Structures are given as C-alpha cells and as structure tokens.
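Q: In my numbering, each number is its position in the sequence shown, counted from 1, plus 131.
Every residue gets a Cβ at the ideal spot worked out from N, C-alpha and C, and that includes glycine.
Source: prediction; values computed, not measured.
Following this message is one structure expressed as structure tokens.
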Amino acid sequence: MELTDREELIIGQYLSGEITREEAVEEIGTEMVERVDAARDGIKEDVDWGLRRSGSG
C-alpha cells in the first residue's frame, strides 16, 4: 500500500510524539493508526529480542 505525502507526515508526527493518537485518527483514520501501532509494536519486539539475544552470548 502506497502512502500519500500527507499520510507519511501524519504518521511521522504521531510516531515522534508531535501529535496524539486521537489527532492521528482524526487525520488518517482508525484503521491506518492501528496498522501503524501494530508495525511499531512488531519492530519493538524484534529489537528487544535482538538485544536479549546479543546479550546472552
């Protein structure tokens, strides 16, 4: 799925904390924000797993 420049801007602002989740939902919709949240959570889990793994060697 290709994002518009506006969607990319709003997502960036949301992820950096410049706007709230509610503001992001108003701008790009609940479904898009939920997808962003899921992607962010997945990346965080991967990073946490990698950090735990590299610390166990």
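#1: Here's the rule I'm using: 16 or more other beta-carbon atoms within 10 Å means buried, otherwise exposed. How should Ile-174 be labelled?
#2: When we look at the beta-carbon of Val-178 and count the other beta-carbons within 10 Å, is it buried (16 or more) or exposed?
#3: Quick check on Asp-170: buried or exposed, where buried means 16 or more other Cβ atoms within 10 Å of its Cβ?
#4: Helix, strand or coil for Thr-161? Go by DSSP, reduced to three states.
A: Looking at the coordinates:
#1: Reading the sequence shown from its first residue, position 43 is the one you call residue 174. Ile-174 comes out exposed.
#2: Here the question's residue 178 lines up with position 47 in the sequence shown. Classification of Val-178: exposed, given that the 10 Å Cβ count is below 16.
#3: Taking the first residue of the sequence shown as position 1, residue 170 is located at position 39. What sits at residue 170 in the sequence shown is Ala, not Asp. Classification for Ala-170: exposed.
#4: Against the sequence shown, residue 161 aligns to sequence position 30. In the structure shown, Thr-161 sits in a helix (DSSP, three-state: H, G or I).
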